[in-house]
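Asker: Same order as they appear, the protein sequences are chains S and F. 77 is the number that my numbering gives to position 50 of the first sequence; each next residue is one higher, with no gaps. 167 is the number that my numbering gives to position 41 of the second sequence; each next residue is one higher, with no gaps. Glycine included, each C-beta is placed from N, C-alpha and C at the ideal position. Since we're looking at a predicted model, the values are computed, not measured.
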Amino acid sequence: GAGVSQSPSNKVTEKGKDVELRCDPISGHTALYWYRQSLGQGLEFLIYFQGNSAPDKSGLPSDRFSAERTGGSVSTLTIQRTQQEDSAVYLCASSREGLAGGTEQFFGPGTRLTVL
Amino acid sequence: SQQGEEDPQALSIQEGENATMNCSYKTSINNLQWYRQNSGRGLVHLILIRSNEREKHSGRLRVTLDTSKKSSSLLITASRAADTASYFCATARGSTLGRLYFGRGTQLTVWP
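(1) For F:Ser127, count neighbouring C-beta atoms within 10 Å of its own C-beta (all shown protein chains included) and say buried if the count is 16 or more, exposed if not.
(2) Name the residues in the region 183-212 of chain F whose C-beta lies less than 7 Å from a C-beta of chain S; which are they?
(3) So, is the C-beta of F:Leu174 closer than 8 Å to a C-beta in chain S?
(4) F:Ala211: beta carbon under 7 Å from a heavy atom of the ligand GTP?
(5) According to a CB-to-CB cut-off of less than 9 Å, which residues of the region 79-90 of chain S neighbour chain F?
(6) Taking the alpha carbon of F:Asn157 as the point to measure from, which residue in F:Tyr151, F:Leu174 and F:Ser194 has its own alpha carbon closest?
(7) Going by other Cβ atoms of all chains shown within 10 Å of its Cβ, with 16 needed for buried, is S:Val39 buried or exposed?
(8) Answer yes or no: does any C-beta atom of chain F fall closer than 8 Å to that of S:Leu70?
(9) Would you list, in chain order, the members of the region 55-69 of chain S that have their beta-carbon closer than 7 Å to a beta-carbon of chain F?
(10) For my contact list, S:Val116 and S:Arg63 are in at a C-beta cut-off of 8 Å; report their separation, rounded to the angstrom.
(11) Between S:Phe134 and chain F, is any beta-carbon pair separated by less than 8 Å?
(12) For F:Thr217, does the count of other Cβ atoms within 10 angstroms reach 16, so buried, or fall short, so exposed?
(13) Residue ranges of each beta strand (DSSP E) run of no fewer than 3 residues wholly in the region 80-104 of chain S, ordered along the chain?
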C-alpha cells in the first residue's frame with residue numbers, strides 16, 4: 028500500500044481480555060517498529076523488527092506484551108490480560124532499513140486502545 | 127526511556143509569526159529528526175539532520191544542531207493556522223539499532 032496501515036483504529040476492551048493489534052508496513056521496508064503514546068506524552072519504544080527477527084525488544088513493558096512479524100511484512104502486537112494502564116495509542120512505523128544510522132520512519136495512524 | 131526534551135511544552139502564536147522550538151538530548155547521536163503529529167495520531171517526518179551537520183532547510187523549516195550543547199532547534203517561518211500540531215524531536219544513536227528516542231513534544235497553536 029501507499030503507507031503504513033494499522034487495524035483496528037480503535038479498540039475498547041475489558042480488563043483481563045487479550046487484544047491483537049495489526050500493522051501493515053510499507054512494501055519493501057525491512058524495519059518495523061512499535062511505539063506507544065499515552066495521553067499528552069511522547070512516544071515510548073516497544074520493539075523493533077529487522078525482517079522477521081526482533082533484535083531489540085527492550086521496550087516491552089512486561090511479559091504480557093509480545094509481537095511477531097511474518098514474511099517480513101505484517102506484524103501483530105499482542106497484549107494478554109490487559110490492564111487499565113495499557114490504555115494508549117499504539118503506533119507502528121516502518122523504514123527502508125533499521126541500521127544504526129537511523130533513517131526516516133513512516134508512521135501508521137495508530138490504534139487507540141481503551142481498557143475499561 | 128525518553129531521550130529528548132522539547133521546550134517550550136506549549137507555544138501559541140499568530141499567523142505570520144515565526145515559531146521556534148528547542149530540543150535537548152543527553153547522549154551522543156547519529157542524527158536528529160523532527161516529526162509532526164496532528165490530533166494525537168500518526169507522525170509525519172519533517173526533517174533529518176546528521177551529527178556532522180549544523181543547519182538544514184526545508185521550505186519554511188530551518189533546523190539547527192549544536193552537538194557540543196546537545197541541542198537542536200526547529201524554526202517555522204511565516205506560520206500558518208495549518209501548522210497547528212505537536213512537534214517532536216527524535217534522536218538516533220549509533221549504539222542502538224534502528225530505534226528512535228522521542229521527546230515529549232511541543233504543542234504549537236497558530237491563531238488565524
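Answerer: So, from the data block:
(1) Below a pLDDT of 50, predicted positions are generally treated as unreliable, and F:Ser127, at 44, falls in that range; the measurement from the model is reported next regardless. By the 16-neighbour rule on beta-carbons within 10 angstroms, F:Ser127 is exposed.
(2) Sequence-ordered contacts of the region 183-212 of chain F with chain S are nonexistent [C-beta pairs closer than 7 Å].
(3) By this cut-off, F:Leu174 is an interface position.
(4) The ligand GTP is absent from the structure shown, which contains no ligand whatsoever.
(5) Cβ contacts with chain F: Pro82, Asp83, Ser85 and Gly86.
(6) Just measuring C-alpha positions, the residue of F:Tyr151, F:Leu174 and F:Ser194 sitting nearest F:Asn157 is F:Leu174.
(7) Exposed, by the Cβ-count rule.
(8) S:Leu70 belongs to the set of residues whose beta carbon lies under 8 Å from a beta carbon in chain F.
(9) The residues in question are Ala58, Tyr60, Gln68 and Gly69.
(10) With a contact defined as Cβ atoms closer than 8 Å, S:Val116 and S:Arg63 qualify at about 7 Å.
(11) Closer than 8 Å: yes.
(12) Buried: at least 16 other Cβ atoms inside 10 Å.
(13) Complete beta strand (DSSP E) runs here, min 3: 80-83 and 92-96.
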